[in-house]
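Taken in sequence, the protein lines are chains L and Z. Going by this note's numbering, the first sequence opens with residue 6, and the numbers climb by one from there. Going by this note's numbering, the second sequence opens with residue 28, and the numbers climb by one from there.
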Amino acid sequence: MVEMASVDNAAMELVERFLLGGLIVSVFAVLGDVLRPKGFAGLFGAAPSVALATLSLTLLADGKQYAALEARSMIGGAIAFLAYALACVFLMARRHVRVTPTTISMLSVWGLCSFGLWWTFLR
Amino acid sequence: MKIRINLAALKQIRGHEYLTRFLLGGIITVVTGLIAKHFGPVIGGLFLAFPAIFPAGATLIEKHERDKKRRAGIPQTTRGRLAAALDGRGAAMGTIALAAFGLLVWKLLPRYNAAVILTAALAVWLALATLLWRVRKLHVYGSRLDS
């Protein structure tokens, strides 16, 4: 009985994460759609949408210290995002590579940078 | 250059495009939570700055620009890629502000009210990102005047 309740709780938590994450990401995406000029709207591509959704729920479930640790690692993730965005800009603007293959394949740059930073500084 | 709101842009976006972004946002938030549960908050935290929405947004921008040119009778154009690259440049500036968001939450969250800190960190993200964008604009304008 207790086991079933904990499975229900875990499933409920996943649903909450999904809905809150989808909602916050959508709000920032719409802001990026309506704001002009386009260069300014681009800032919203790096909005802390996933962070806000995740940290809010983490705070409730695991407390402040756990959420603060996640935020510390987020700095590494943001540096990796910078490398990713610059790589995408270079390929799309200078090499005229198509957008979808560029933005998907360059996620490997994000992965390499973020895990490199984790390995070097956060481990 | 003034920042303005163009609500007409919402009409260009189709229902399935809104749905895709909602699904992507939901999925990455769930995955981030699961990674943190299995590997701990240090690895999970990296994914708080995962470029979740950027690929979909940039693809959408390219598609809309390409469609616009096609309607104008220009079948081949690199304008979509350039528009997406401009969006990427904005995102690159946003990441610096994103790191500041993380720094603020990391340092202040354990000591102060969580809602206040998250709101303040969001305000700092927006202010810093806007400032960086403005400085970049001034720099570009200045270098054009010099040349």
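Ideal Cβ positions, reconstructed from N, Cα and C, are used throughout, including at glycine.
CB residue i to CB residue j, shorter than 8 Å?
i, j, result
"residue 149 of chain Z", "residue 43 of chain L", "no"
"residue 122 of chain Z", "residue 87 of chain L", "yes"
"residue 28 of chain L", "residue 49 of chain L", "no"
"residue 62 of chain Z", "residue 81 of chain Z", "no"
"residue 156 of chain Z", "residue 124 of chain Z", "yes"
"residue 119 of chain Z", "residue 94 of chain L", "yes"
"residue 131 of chain Z", "residue 141 of chain Z", "no"
"residue 104 of chain L", "residue 83 of chain Z", "no"
I'd like the span of the alpha helix (DSSP H) that includes residue i, first residue to last.
i, result
"residue 91 of chain Z", "81-98"
"residue 106 of chain L", "104-110"
"residue 128 of chain Z", "106-135"
"residue 63 of chain Z", "42-66"
"residue 44 of chain L", "43-46"
"residue 89 of chain L", "69-94"
Can you say whether residue i is buried or exposed, counting buried as having 16 or more other CB atoms within 10 angstroms of its CB?
i, result
"residue 17 of chain L", "exposed"
"residue 28 of chain Z", "exposed"
"residue 89 of chain L", "buried"
"residue 55 of chain Z", "buried"
"residue 52 of chain L", "buried"
"residue 34 of chain Z", "exposed"
"residue 78 of chain L", "buried"
"residue 78 of chain Z", "buried"
"residue 94 of chain Z", "exposed"
"residue 144 of chain Z", "buried"
"residue 98 of chain Z", "exposed"
"residue 99 of chain L", "exposed"
"residue 100 of chain Z", "exposed"
"residue 26 of chain L", "buried"
"residue 60 of chain Z", "buried"
"residue 46 of chain L", "buried"
"residue 12 of chain L", "exposed"
"residue 68 of chain L", "exposed"
"residue 65 of chain L", "exposed"
"residue 30 of chain L", "buried"
"residue 109 of chain L", "exposed"
"residue 20 of chain L", "exposed"
"residue 128 of chain L", "exposed"
Measuring alpha carbon to alpha carbon, tell me which residue in the options is nearest residue i.
i, options, result
"residue 81 of chain L", "L:66, L:36, L:125, L:58", "L:125"
"residue 92 of chain L", "L:60, L:76, L:113, L:72", "L:113"
"residue 162 of chain Z", "Z:138, Z:146, Z:117", "Z:117"
"residue 33 of chain L", "L:20, L:99, L:56, L:66", "L:56"
"residue 116 of chain L", "L:98, L:11, L:84", "L:84"
"residue 52 of chain Z", "L:109, L:101, L:47, L:54", "L:54"
"residue 40 of chain Z", "Z:59, Z:71, Z:91, Z:58", "Z:91"
"residue 73 of chain L", "Z:44, Z:138, Z:50, Z:42", "Z:138"
"residue 126 of chain Z", "L:111, L:76, L:118", "L:76"
"residue 135 of chain L", "Z:46, Z:76, Z:100, Z:128", "No statement about residue 135 of chain L is possible, as the shown extent of chain L runs from 6 to 128 and does not include it."
"residue 108 of chain Z", "L:24, L:13, L:106", "L:106"
"residue 41 of chain L", "Z:58, Z:50, Z:59, Z:31", "Z:31"
"residue 72 of chain Z", "L:46, L:59, L:45", "L:59"
"residue 106 of chain Z", "L:101, L:69, L:96, L:70", "L:101"
"residue 160 of chain Z", "Z:134, Z:115, Z:49, Z:135", "Z:115"
"residue 71 of chain L", "Z:88, Z:133, Z:128, Z:44", "Z:133"
"residue 48 of chain Z", "Z:67, Z:87, Z:66", "Z:87"
### Task
Could you run through the segment 22-45 of chain L and flag, in chain order, every residue whose CB is less than 8 Å away from some CB of chain Z?
When C-beta distances to chain Z are compared with 8 Å, the residues of the segment 22-45 of chain L below that value are 22, 23, 24, 25, 26, 27, 28, 29, 30, 31, 33, 34, 35, 37, 38, 39, 40, 41, 42, 43, 44, 45, in chain order.
Give, in chain order, every residue of the segment 69-101 of chain Z whose Cβ lies closer than 7 Å to some Cβ of chain L. Among the residues of the segment 69-101 of chain Z, those with a Cβ less than 7 Å away from any Cβ of chain L are 69, 70, 71, 72, 73, 74, 75, 76, 77, 78, 79, 80, 81, 82, 84, 85, 86, 89, in the order of the chain.
Interface positions of the segment 76-102 of chain L facing chain Z (Cβ-Cβ less than 8 Å), listed along the chain
Within the segment 76-102 of chain L, the residues whose Cβ lies closer than 8 Å to some Cβ of chain Z are 76, 77, 78, 79, 80, 81, 82, 83, 84, 85, 86, 87, 89, 90, 91, 93, 94, 97, 98, 101, 102, listed in chain order.
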